[in-house]
Amino acid sequence: MPIILIPLILVLLYVLERKIFNRYWQRGLSADLSFEKEAATEGEEALLTEVITNRNFIPLHILQVNFQTDVGLEFMDTTNASVTDRVNVIDVFSLRFYEKITRSLRIKCKKRGFYSILQTSLVASDLFSPDIHYATRDQNTFFYVYPKLLERSEIDVAFEHLSGEAQAQRFLYEDNFTFRGIRDYAPTDQMSSINWKASARTGSLKVNLHDYTVSPEVRIVLNVEEPGILFETELIEDCIRLAATMAMRFVNGNIPVSLLTNGKDKATSEQVSLEAGASADHLQSIMRALSRIDLAKGTADMDQLVDKELESGGLSQVIYLYISTSRREKAMNAATELADAKGKLIWMCPVTKSMDDTAPSDKRIEFVRILHQ
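Going by the numbering used here, the first residue of the sequence shown is number 1285, and it counts up by one from there.
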């Protein structure tokens, strides 16, 4: 072969390689991101797994994978994460043909929230050309960071008070359509409650026991309104943490609990509200709802929300727990309306040492201060 043909052949090979790479580099290339578990709690660690697969005959010597999520997750093992209004993560891979690489990123859950990764950007370059190629892959990756639970003696006292009231209301009225057992007759029992078959079998009067018609619920009314012009955002977060803490305690005590808040959902922008329940699944729903509250979306007026709540009726079985760090006019009006409806109210209020923590003058309101730590 004449030496003069060698440069020509090299040029032809370069052009051919460049065209093949440009056309086929992303064929069979996938990027999948997933969290090890669906949720964690503030302060805990989590794992995000990246799976990059190259089902192609073309090796990718330099592949840059980019994705974004909201501020609040700290990527611990990478220096390629930058924080602006969002967290931007850049990871670099080198894949041979038909190769899959799995990489796990450790994450510190710094802040309550609902986090999503909806897209990854892929940037590839060819060793033999200066061209840079771009592609995207859709993701459907979501992660909840639940509010951390608080431990305070004041919380213990408020819980004992509310759970005691719920237990007392549970035994008001019997349901004649349910059967719980049999006991000996007492002079105060009605004749209609006597079980004649059991009485004949035992030789002494027996009466039926029934379950109870009243199933009281604790309704957590959570106000996430800003307490003033200059305030610590953590006070509102403490309100949300209090709601999570009390909800978990009520569910663990088999007491139905519901949630009403003027906070808005991050994904739907709708006001958050949940009906009563006492199951583990219901507790998960409450935790997720609290995680999804986005303080940047503003709040509904608390007094109007309470007005609408009280107008709906059916309050005889409801015990209200009011949580608010704000003591502005609308927050105070809401507390007063709840006290008017039920005759009394427990108000849990996160405060700092420098704040005025004077209790409301209304003696029907039991004001529980929760000092921010």
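From the three backbone atoms N, C-alpha and C, an ideal C-beta is built for every residue, glycine too.
Report yes if the CB atom of Asp-1585 is closer than 7 Å to the CB atom of Asn-1617, and no otherwise. no
Measure the Cβ-Cβ separation of Arg-1648 and Cys-1633 and say whether it is below 7 Å. no
Which residue comes first and which comes last in the alpha helix (DSSP H) that contains Gln-1568? 1564-1575
For Thr-1609, tell me which candidate among Ile-1603, Glu-1518, Ser-1477, Leu-1347 has the shortest Cα-Cα distance. Glu-1518
Burial state of Asp-1624, where buried means 16 or more other Cβ atoms lie within 10 Å: exposed
When burial is assigned at 16 or more other CB atoms within 10 Å of the CB, is Ala-1408 buried or exposed? buried
Backbone secondary structure at Ala-1643 - three-state DSSP: coil
Alpha carbon of Pro-1644 to alpha carbon of Thr-1420, nearest angstrom: 56 Å
Considering only residues of the region 1462-1529, which uninterrupted beta strand (DSSP E) runs meet the minimum length of 3 residues and lie entirely inside it, listed in chain order? 1465-1468, 1490-1493, 1501-1507
Among Asp-1468, His-1345, Pro-1291, whose alpha-carbon lies nearest the alpha-carbon of Phe-1412? His-1345
Using the three-state DSSP reduction, which class does Ile-1304 fall into: helix, strand or coil? helix
Round the Cβ separation of Val-1535 and Ala-1562 to the nearest angstrom and send it over; I've been treating them as touching at under 8 Å. 5 Å
If you check the beta carbons only, do Val-1429 and Ala-1324 fall under 7 Å apart? yes
Separation of Lys-1432 from Arg-1525, as counted between CA atoms: 6 Å
Assign Arg-1370 to buried or exposed, taking buried as 16 or more other Cβ atoms, counted over all protein chains shown, within 10 Å of its Cβ. exposed
Assigned secondary structure, Leu-1402 (DSSP; H/G/I helix, E/B strand, else coil): strand
If I measure Cβ to Cβ from Tyr-1382 and keep anything under 8 Å in the same chain, skipping five residues before and after, which residues do I get? Asn-1338, Arg-1339, Asn-1340, Phe-1341
Could you work out which residue in Val-1541, Ala-1619, Lys-1550 is closest to Asp-1565 when comparing CA atoms only? Val-1541
For Leu-1579, which beta-bridge partners are listed by DSSP? Leu-1579 is not bridged to any residue.
If I'm right that Glu-1516 touches Thr-1425 with Cβ under 8 Å, what's the distance once you round it to whole angstroms? The Cβ separation is near 32 Å, so there is no contact.
Proximity of Val-1335 and Phe-1351 at Cβ, strictly below 7 Å: no
Just to confirm before moving on: does the CB-CB distance between Arg-1503 and Tyr-1604 stay below 7 Å? yes
In this structure, how does DSSP classify Glu-1595 when only helix, strand and coil are distinguished? helix
Judging by CA-CA distance, which residue of Leu-1589, Asp-1361, Ser-1569 is the nearest neighbour of Leu-1544? Leu-1589
Check whether the region 1546-1554 touches the region 1464-1480, counting contact only when three or more Cβ pairs, one atom from each stretch, lie closer than 8 Å. no
Output yes or no for whether 7 Å exceeds the beta carbon distance between Val-1349 and Asp-1316. no
Helix, strand or coil for Lys-1432 per DSSP? coil
Buried or exposed, going by whether 16 or more other CB atoms sit within 10 Å of the CB of Gln-1310? buried
At the level of alpha carbons, what is the spacing between Leu-1567 and Phe-1377? 41 Å
Can you give me the start and stop residues for the alpha helix (DSSP H) that Thr-1545 sits inside? Taken as a continuous stretch (DSSP letters only), Thr-1545 belongs to no alpha helix (DSSP H), being part of the beta strand (DSSP E) at 1541-1548.
Between Gln-1453 and Val-1602, what straight-line distance do the alpha-carbon atoms span, to the nearest angstrom? 10 Å
Same chain, Cβ closer than 6 Å to Glu-1621, neighbours up to 5 away in sequence not counted: Val-1590
Just checking my contact of Leu-1446 with Ile-1630 at CB under 8 Å: how many whole Å lie between their CB atoms? 6 Å
Given that a residue counts as buried once 16 or more other Cβ atoms are within 10 Å of its Cβ, and exposed if not, what is Arg-1307? exposed
Beta-carbon within less than 8 Å of Lys-1548's beta-carbon, same chain only, minus the 5 sequence neighbours each way: which residues are those? Glu-1554, Gln-1555, Val-1556, Ile-1577, Asp-1578, Lys-1581, Gly-1582, Thr-1583, Ala-1584
Compute the Euclidean distance between the alpha carbons of Gln-1423 and Glu-1650, then round it to the nearest angstrom. 48 Å
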